[in-house]
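Per the working numbering, residue 13 is the first one in the sequence shown, and the count goes up by one each step. What follows is one structure encoded as structure tokens, with my remarks underneath.
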Amino acid sequence: MLVGAEDLAHELLKVADTFAYPAEAWAQAAGFELNDLESIYVRLFVNDLGGVKAPPFAGCYLDVNRLDFMEAFSGLARSSGIELDRSYPPDYIPMMLEVLAMMIKNEMAPEHVKVHLEDYFSLWPEAFVQRLQSHDDSGLYLEAARYLQQLLEDLASISSRKISI
């Protein structure tokens, strides 16, 4: 396993939980009433006047065909022995983060982690952050997205160092 990657995998799972529908424990930890956090979540990620402000789907932020992206990511998960939750599209950001964390915990080779980061996790985070910067008045999800972006950069750096050794 990549040195430091297990900690990053754990953090990826925490961020995945952040972008899933809010629970009471998460609301309390963030200093919000659950109803308030649910309202923020729905406005940003589900529905709002004028449309969804920050869709929690990676393919929405890419200049490629979203269906192709989802099929490719599904294939990656299947080839890694991971079954996706069919109640969400394959590019649902929390699920993608869970898949990446599982791959790391299953000790995927560093060169494979690096390729998958480049193929599936390098192009959309900045656009996701920008959307949240424009629409997240609470700042909560914006900070989580920035943290996610940093985690992915750290993981890419660890993967690159491990490969070059």
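The beta-carbon is built from N, C-alpha and C at its ideal position, and this holds for glycine as well.
For V76, there is no enclosing alpha helix (DSSP H), as DSSP marks it with neither H nor E. For E83, the closest alpha carbon among the candidates P102, S134, E130 is that of P102. Annotation for A39: the continuous alpha helix (DSSP H) segment containing it runs 36-42.
The beta carbon of E23 sits closer than 6 Å to the beta carbons of L163 from its chain, once the five residues preceding and following it are set aside; these are given in chain order. Between the alpha carbons of V141 and L79 lies a distance of about 22 Å.
Annotation: A32 is outside any alpha helix (DSSP H) and is labelled neither H nor E by DSSP.
The criterion of a C-beta distance shorter than 8 Å is satisfied by P137 and L160.
Taking A32 as reference, the option from D131, R90, L56 with the minimal CA-CA separation is L56. With a cut-off of 8 Å on Cβ pairs, the segment 92-106 is in contact with the segment 66-79, counting three or more such pairs. A direct Cα-Cα distance of roughly 22 Å separates S172 from A89. Contact between the segment 110-119 and the segment 42-50 is absent: fewer than 3 CB-CB pairs across the two stretches fall below 8 Å. The straight-line gap separating the alpha-carbon atoms of L135 and L129 is approximately 9 Å.
Each residue's CA atom was taken as its position, placing K26 and K126 some 21 Å apart. In this structure, the CA atom of D148 is about 14 Å from the CA atom of T30. Distance from the CA atom of S150 to the CA atom of I52, rounded to whole angstroms, is 8 Å.
The beta-bridge partner set that DSSP reports for F69 consists of Y104.
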